[in-house]
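What follows is one structure encoded as structure tokens, with my remarks underneath.
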Amino acid sequence: MSLSLPTETPVGVELAQARAEIEEQARAIAALNKVAITIASRLDIQSIVQSVTDAATELVRAQYGAFFYNVTDERGESFSLSALSGASREAFEKLPLPRSTALFSKTFRGEGIVRLDDVRQHALYGEEAPYFGMPAGHYLPVRSYLAVPVVARSGKVHGGLFFGHEVPGLFTERQASLLQAIAVQAGIAIDSAQLLESQQRAQEQLRYLNETLEEQVLERTRALQRSELQFHQLVAGVADCAIYMLDATGHIASWNPGAERIKGHSATEIIGRHFSEFYTPEDRAIGKPALALATAASQGKYEAEAWRLRKDGTRFWASVLIDAIRNDEGRIVGFAKITRDMTEKRAMQEQLHQSQKMEAIGQLTGGVAHDFNNLLTVILGNLESIGRRIPQDNDRLLRAVQHATEGAERAATLTQQLLAFARRQPLNPKPTDLNRLIARLDGLLRQTLRENIALDCVFSPDTCHVEIDAHQLESTLLNLAVNARDAMPQGGRITIETTTVRIDEHSKEFISALPGDYVQISVTDTGRGMSADVLARAFDPFFTTKPFGEGTGLGLSQVFGFVTQSGGHVRLQSEPGRGTTAKIYLPRVSGVIPVEDATKHEAPVRGRAGEAILVVEDDDDVRVYSTEALRELGFTVLEAQDGVSALRMLERHPEIRLLFTDVGLPGINGRELVEAARSRRADLPVLFTSGYERNALMHDGRLDPGVDLLSKPFTRAQLASRIRASLDASRE
């Protein structure tokens, strides 16, 4: 007989509650067992988290359940969905991932369980309409909320389990405790699955390495063989460097084609011989080869630049590197040696250094010439005035003035040579036939030479036309002829030859020459020649090998300056006892050269009525001399010491017919003065004067077009002649 109690009685209610609790416990135990069995039977992480999510959703009777991995971006706002229950995963994946709001961040930081009876009423949820803390598209009818972190044994938060239901107050403390137990098991399972995956990947990689090891060894062996072959091909293919091996005692063990090309020895005749054979006798005498090996042995390498010998005994400038080679025990077993032929590069560097040195000295000497020319203008002018006033029967005073004048003229010549070397002399280049110029100079050259010196002129059949200042070129050739004469005290032969040559970008002898056609003038003597040291300094100003008092040392420096200023190049070739050759290269021009009219008439040098001259000169002595000379010749003369005063004078004196001005003036220079004056009077004729022309009137080595220049020092006759010519030209 069974006893049944109505459920409405207190006892019946208690029995019903007890029965429900027992059933709930049984269901929870069954769910936990299911989770444990699932975790134990699954090996991949995705199956584990999906099973855990499904079982936990069923256990707490949630409407929605999800597992998110804790994978954050640099802003900490990216979570990866891994498992979902109670909703369509496909639809959910199209939506943006949730942000790290206050509701979610506590779980992903592993700070414990979050259980809310009504999430919409809680401060963590937020109050922003219309999604209330959820991102757009994620709105679900969730009221009851339960979340628990899934933490690894290391303390790292794998992610979180999240559950929701539309009915408020659904989730209990007991369910939260059960979920925490499931989360612990899930964390352990994820750890184990990740470890298993790592082991599987490692095993797979090891298997792959084992399978490919033999193939890699073979490929590596083949690669080493190819590398060795390529190395030998590389060494054999290097033609610009001598690359060879020495044994520990310095004897040659290998020899590449570059070594044969540079040094001249073949491999069969040089291997086994000592490398000291390449050193000069003076270097061998002081033990340089042994020192090189000792330095390489103690310091690891030896580097140097020095002269070395070829097979035929000629020398070349070499860059040398010696590296010590040691075995595994550290003992030296040999040396690797590399030698480069730097002869051409050294020659180019020496040319560059010589050019820079000449430029620096030229700037210095050019500046000195300015003051000298002002002084010489005054000295020569006053000597001329004194000479005109001395009675013609006073021979003693006349001789004294003549000697003083000759000395001043020699000083003027020296100053002109300084300007030529500094490339600051004003040039007036015109198209010139060099063959015709040298033929015309033949008689003067023979008068300069002694009877025991023969002169030969050999002319090129090609047209040898250049644009040059003919007067300065004649002086240059005379300088070279005088130097050649002095180098042959016992007599000999001088040969002047013209020829046409082509200089291209590959002409290593001319590092600064523009490619093109040139005319070469060679002046060759059979004299005593020059040593290498003398040849290196031949163009230096004031350098001379002549006895004291027999030369200024400015002849060749004048040649260098004039040729360079004219856009050409000059080279010297000489050896002791074998004579000297000076080669001048001038840019060749095309076209017909007009024949010069040899009949020249001196212009009248007297002033005429109404011819007023404005003299502008800052040097008082030069200004006094110039004005007095012009007044003696009948000109009306006004004077100014600077450009500003000159402009005021021009405004007050419209009768001024010519402006005679120095270039180097204080304040505005002569060129600027002329520009300002011609803005007022465009037809005003101008004659410039200068003792040292820099850049105001001259560019690219020649006077600017339309510039009329009287160089200092000048005589009374030269001044009058140029003034007369300028006035007559303006009138015409």
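Note that the sequence shown covers residues 2 to 733 in this note's numbering.
Even for Gly, the Cβ is constructed at its ideal location relative to N, Cα and C.
Check: Roughly how many angstroms lie between the CA atoms of residue 568 and residue 260, to the nearest whole one?
Finding: Along the sequence shown, read from residue 1 onward, the residue named residue 568 stands at position 567. Along the sequence shown, read from residue 1 onward, the residue named residue 260 stands at position 259. So the two alpha carbons sit approximately 40 angstroms from each other.
Item checked: Outcome for residue 209 when other beta-carbon atoms lying within 10 angstroms are tallied against a minimum of 16 -> The count along the sequence shown starts at 1 and reaches residue 209 at position 208. The residue in question, residue 209, is exposed, as its Cβ has fewer than 16 Cβ neighbours within 10 Å.
Checklist line | Reference residue 346; option with closest CA among 320, 309 and 658 | finding: Taking the first residue of the sequence shown as position 1, residue 346 is located at position 345. Among 320, 309 and 658, the Cα nearest to that of residue 346 is on 320.
Checklist line | Own chain, CB closer than 6 angstroms to residue 500, minus 5 neighbours either side, in chain order | finding: As a working mapping, residue 500 is identified with position 499 in the sequence shown. The residues are 461 and 521.
Note to self: Taking the alpha carbon of residue 88 as the reference point, which residue from 45, 165 and 308 has its own alpha carbon closest?
What the structure shows: The residue labelled residue 88 in the question sits at position 87 within the sequence shown. Checked all of 45, 165 and 308; the closest Cα to residue 88 is 165.
Notebook entry, point to check: Among residues of its own chain, excluding the 5 on either side of residue 478, which ones have a beta-carbon nearer than 8 angstroms to its beta-carbon?
Noted result: Within the sequence shown, the letter at position 477 stands for residue 478. So the qualifying residues of the chain are 439, 442, 446, 497, 522 and 524.
Checklist line | Host alpha helix (DSSP H) of residue 284 (start-end) | finding: In the sequence shown, counting from the first residue as 1, residue 284 sits at position 283. Where residue 284 is concerned, the enclosing alpha helix (DSSP H) stretches over 282-286.
Next item on the list: Give me whichever residues DSSP pairs with residue 150 in a beta bridge.
Entry: For the purposes of this step, residue 150 is taken as residue 149 along the sequence shown, with counting starting at 1. Per DSSP, 161.
Checklist line | Reference residue 740; option with closest CA among 281, 323 and 306 | finding: The structure shown does not extend to residue 740, since the chain is modelled only from 2 to 733, so the question has no answer here.
Checklist line | Burial state of residue 433, where buried means 16 or more other Cβ atoms lie within 10 Å | finding: Mapped onto the sequence shown, residue 433 falls at position 432. When all chains shown are included, residue 433 counts as buried.
Next item on the list: Could you tell me the boundaries of the alpha helix (DSSP H) in which residue 290 lies?
Entry: To locate residue 290, count along the sequence shown from 1; it is residue 289. Where residue 290 is concerned, the enclosing alpha helix (DSSP H) stretches over 289-300.
Checklist line | Cβ neighbour criterion (16 or more within 10 Å) applied to residue 592 | finding: As a working note, residue 592 is residue 591 in the sequence shown. By the 10 Å Cβ count, residue 592 comes out exposed.
Item checked: Beta-carbon proximity check, residue 195 vs residue 149, cutoff 8 angstroms -> To locate residue 195, count along the sequence shown from 1; it is residue 194. To locate residue 149, count along the sequence shown from 1; it is residue 148. No, the Cβ-Cβ distance between residue 195 and residue 149 is not below 8 angstroms.
Next item on the list: Check whether the segment 672-683 touches the segment 709-727, taking contact to mean three or more Cβ pairs, one atom from each stretch, closer than 8 angstroms.
Entry: no
Margin query: To the nearest angstrom, how far is the alpha carbon of residue 732 from that of residue 719?
Written below: In the sequence shown, counting from the first residue as 1, residue 732 sits at position 731. In the sequence shown, counting from the first residue as 1, residue 719 sits at position 718. Distance between the alpha carbons of residue 732 and residue 719: 20 angstroms.
Item checked: Three-state secondary structure assigned by DSSP to residue 661 -> Counting from 1 along the sequence shown, the entry for residue 661 is found at position 660. Of the three classes helix, strand and coil, the one that applies to residue 661 here is strand, per DSSP.
Margin query: Only counting the same chain, and skipping five residues up and downstream in sequence, which positions put a Cβ closer than 7 angstroms to that of residue 61?
Written below: For this step, residue 61 is matched to residue 60 along the sequence shown. 147, 164, 172, 176 and 180.
Next item on the list: Provide the residue span of the alpha helix (DSSP H) that contains residue 51, from first to last.
Entry: Along the sequence shown, one-based indexing puts residue 51 at 50. Here the alpha helix (DSSP H) through residue 51 covers 46-60.
Next item on the list: Could you name the residues of the same chain whose beta carbon sits closer than 7 angstroms to that of residue 590, not counting the 5 residues immediately before and after it, in chain order?
Entry: Stepping through the sequence shown from its first residue, residue 590 is reached at position 589. These residues qualify, in order along the chain: 432, 466, 467 and 468.
Notebook entry, point to check: If you compare alpha carbons, which of 184, 532 and 673 is closest to residue 579?
Noted result: Here residue 579 refers to the residue found at position 578 when the sequence shown is read from its first residue. Here the closest residue by C-alpha is 532.
Note to self: Using the three-state DSSP reduction, which class does residue 349 fall into: helix, strand or coil?
What the structure shows: Residue 349 sits at position 348 when you count from the first residue of the sequence shown. Helix.
Note to self: Suppose the cutoff is 8 angstroms on Cβ atoms and the five residues either side in sequence are ignored; what does the same chain contact list for residue 605 look like?
What the structure shows: Residue mapping note: residue 605 aligns to position 604 of the sequence shown, counting from 1. Summary for residue 605: the model assigns pLDDT 45, below 50, so the residue's position carries little reliability, and this model does not support an answer.
Item checked: The beta strand (DSSP E) enclosing residue 638, as first and last residue numbers -> As a first step, residue 638 is located in the sequence shown; it is residue number 637 there, counting from the start. Note, residue 638: beta strand (DSSP E), 637-641.
Notebook entry, point to check: Are the segment 606-619 and the segment 477-494 touching, with three or more C-beta to C-beta distances below 8 angstroms?
Noted result: no
Next item on the list: Quick one: give me the first and last residue of the alpha helix (DSSP H) that residue 264 is part of.
Entry: Along the sequence shown, read from residue 1 onward, the residue named residue 264 stands at position 263. Here the alpha helix (DSSP H) through residue 264 covers 258-264.
Next item on the list: Determine which residues share a DSSP beta bridge with residue 574 and list them.
Entry: Mapped onto the sequence shown, residue 574 falls at position 573. Paired residue(s): 582.
Item checked: Alpha-carbon to alpha-carbon, residue 633 and residue 655 -> Position 654 of the sequence shown, counted from the first residue, corresponds to residue 655. Position 632 of the sequence shown, counted from the first residue, corresponds to residue 633. Rounded to whole angstroms, residue 655 to residue 633 spans 22 angstroms at the Cα level.
Check: Between which two residues does the alpha helix (DSSP H) containing residue 710 stretch?
Finding: Taking the sequence shown and counting its residues from 1, one reaches residue 710 at position 709. Taken as a continuous stretch (DSSP letters only), residue 710 belongs to no alpha helix (DSSP H), being part of the beta strand (DSSP E) at 710-712.
Next item on the list: Taking only heavy atoms of the ligand SAM into account, decide whether any of them is closer than 7 angstroms to the Cβ of residue 219.
Entry: Absence of the ligand SAM is noted for the structure shown, with no ligands found whatsoever.
Next item on the list: Name, in chain order, the residues that DSSP records as bridge partners for residue 65.
Entry: Start at 1 with the first residue of the sequence shown, and residue 65 comes out as number 64. In the DSSP output, where bridge partners are listed per residue, residue 65 has 165.
Note to self: As an exercise, report each continuous beta strand (DSSP E) stretch of at least 3 residues that is fully enclosed by the segment 483-535, in chain order.
What the structure shows: 493-504 and 517-526
Next item on the list: Please state whether DSSP places residue 683 in a helix, a strand or coil.
Entry: One-based indexing of the sequence shown puts residue 683 at position 682. Coil at residue 683, not helix or strand.
Checklist line | Three-way DSSP call (helix, strand, coil) for residue 304 in this model | finding: The residue labelled residue 304 in the question sits at position 303 within the sequence shown. Note: residue 304 maps to strand in three-state DSSP.
Next item on the list: Verify whether the separation of the beta carbon atoms of residue 409 and residue 391 is less than 8 angstroms.
Entry: Residue 409 sits at position 408 when you count from the first residue of the sequence shown. Residue 391 sits at position 390 when you count from the first residue of the sequence shown. No, these two residues do not count as a Cβ contact at 8 angstroms.
Margin query: Restricting to Cα atoms, I'd like to know which of 399, 279, 406 and 336 is closest to residue 317.
Written below: In the sequence shown, counting from the first residue as 1, residue 317 sits at position 316. For residue 317, the nearest C-alpha among the options comes from 279.
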